[in-house]
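Start counting the sequence shown at 10; every next residue gets the next number (our numbering). The structure under discussion appears below in the form of structure tokens.
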Amino acid sequence: MVKAIVGANWGDEGKGKVTDLLSETSDIVVRFQGGANAGHTIINDYGKFALHLIPSGACNPGTMNVIGNGVALDIPELMSEIEAITKAGVPAPQLLISDRVQLLMPYHVLQDTYEEERLAGNAFGSTKSGIAPFYSDKYAKNGIQINKLFDEESLRKHLDNICTLKNALFVHLYHKDPIDADQLFNQLMEWREMIRPYVGNVQKYLKDALAAGKTILLEGQLGSLKDPDFGIYPMTTSSHTLASFGCVGAGISPKELKKIYVVTKAYSSAVGAGEFVSELFGDEAEELRRRGGDAGEYGAKTGRPRRVGWFDAVATRYGCEVQGATDVVLTCLDVLGYLDEIKICTGYEIDGEITRDFPVTPVLKKAKPVFTTLPGWKSDVRGIQKWEELPENARKYVEFIEKELGIPVSMVSTGPKRHEILYR
């Protein structure tokens, strides 16, 4: 059986915790897209970890962690993460890397950084992790599949071509130093030996696992509104964040995908630029940001303060629709216990008309939030694991969101730790 865990919104919804939890009952966890440009924060008996590349099943010794072909693989980052969690006492994770995954190279990071500098005030708010240049190269057929590290003659020729193209940009557009093919080749040979024990045929491994009745969990990065087709383009990421792409990015038949858990916060948060209709500002935003998450709303990768706002039912309903959600997981309910009243954005006013449909970006820029106000519960619900133990107004808040989304809210997180969650 294949399940997917994906985000409904702009990312930062709490997917890492949910993956960490569900990986206890899963045989395999697969990262299927994205790179080290965003992090999943998990808290369990071993401690607190911000994982950027290694799947969030890494803290469960019995789980196989797979990096699928759809990922932008930053080898030094991956090795650094493995070292960090094992130093903290986590048993060395089982790891399998697709022999078809492509490598995120140092020149991708440089190009990302140079382009943000060139754009200046019109920059995309990139994490400068090299993601956009990586996927540009992949689909322009200038990428490096990891299997090419084991074909040295072909790799050398390919690097010469890459340097010709990149140096035309770096020297003449960005006015920076050129990159050197020999240096890149030597670096890749070092990386090859680092990852050699982990590389294998993931597509066959997963096919055999399904035939043996294993449970596979697909772990998505970021969320629906950061998808390059269905998100707030162009302020999106460069890989597809939808559960349907999990089949492509892992090498699994779509018919195997049975459960899609779409994660959303009980309020809204986002890192980076882009439209955010229900955003809060000033003291109100700072208070929510300070109380949010385990240590406030700051990006796991960048440390940047997250933008925060009220729950956006319009955006989240759309996010669930494009993901094909079978279940909604609502996280961070415990954060809102300080509020007398809580607003939910239930519509957008655009050119004098109110809509419940999520529009394309040029129209979204004109949207103003239409709010419904609900009473708060004014109490601490952290760690509650039984639905009936929640205050009545907290239950009504969850039920209101469920009605707005039209999809069952089957899990509610009441704290950042692994088992601070209740099932409905």
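Note that CB positions come from ideal geometry on N, CA and C, so glycine has one too.
- The residue from Asp186, Leu251, Asn78, Glu401 with its alpha-carbon nearest to that of Gly333 is Leu251.
- Of the candidates Asp29, Val369, Lys412, Leu431, Leu431 places its Cα closest to the Cα of Met420.
- Residue ranges of uninterrupted alpha helix (DSSP H) with 4 or more members, entirely inside the stretch 86-158 and ordered along the chain, are 115-128, 140-148.
- Within the DSSP bridge table, the entry for Gly232 names Gly16 as partners.
- Counting along the chain, the unbroken beta strand (DSSP E) around Phe58 starts and ends at 56-60.
- Going by DSSP, Ile171 is part of no beta strand (DSSP E) but of the alpha helix (DSSP H) stretching over 161-181.
- Taking a C-beta distance under 8 angstroms as the contact criterion, Tyr144 and Tyr183 do not qualify as a contact pair.
- By alpha-carbon distance to Leu193, the top candidate from Ala177, Asn46, Cys172, Val208 is Cys172.
- Cα atoms of Tyr276 and Tyr327: separation of roughly 16 angstroms, rounded to the nearest angstrom.
- For Arg391, same chain residues with a beta-carbon under 7 angstroms away, outside a window of 5 residues either side, are Asp343, Thr423, Gly424, Glu429 in chain order.
- Classified as exposed, Ser388 has fewer than 16 neighbouring CB atoms from the shown chains inside 10 Å of its CB.
- By the criterion of a C-beta distance shorter than 7 angstroms, Lys395 is surrounded in its chain by Leu431, once the five residues flanking it on both sides are discounted.
- Taking Tyr207 as the centre and dropping the five residues before and after it, the same chain places the C-beta of Leu104, Leu105, Ile106 closer than 7 angstroms to its C-beta, in chain order.
- The bridge partners DSSP lists for Leu226 are Lys12, Val38.
- The beta-bridge partner set that DSSP reports for Glu284 is empty.
- Here DSSP, grouped into helix, strand and coil, assigns Leu399 to coil.
- Assigned with DSSP and collapsed to three states, Asp321 falls in strand.
- Sorting Arg316, Val211, Glu288, Val331 by C-alpha distance to the C-alpha of Ser253 places Val331 at the top.
- Straight-line measurement puts the Cα of Glu411 at about 37 angstroms from the Cα of Lys137.
- With contacts defined as CB atoms closer than 8 angstroms, Gly318 and Gly16 fail to qualify as a contacting pair.
- Runs of the beta strand (DSSP E) lying entirely within the stretch 236-294 and spanning at least 3 residues, in chain order: 266-274, 277-279.
- In this structure, Asn69 and Val211 do not form a Cβ contact; the two beta carbons are roughly 19 angstroms apart against a cut-off of 8 angstroms.
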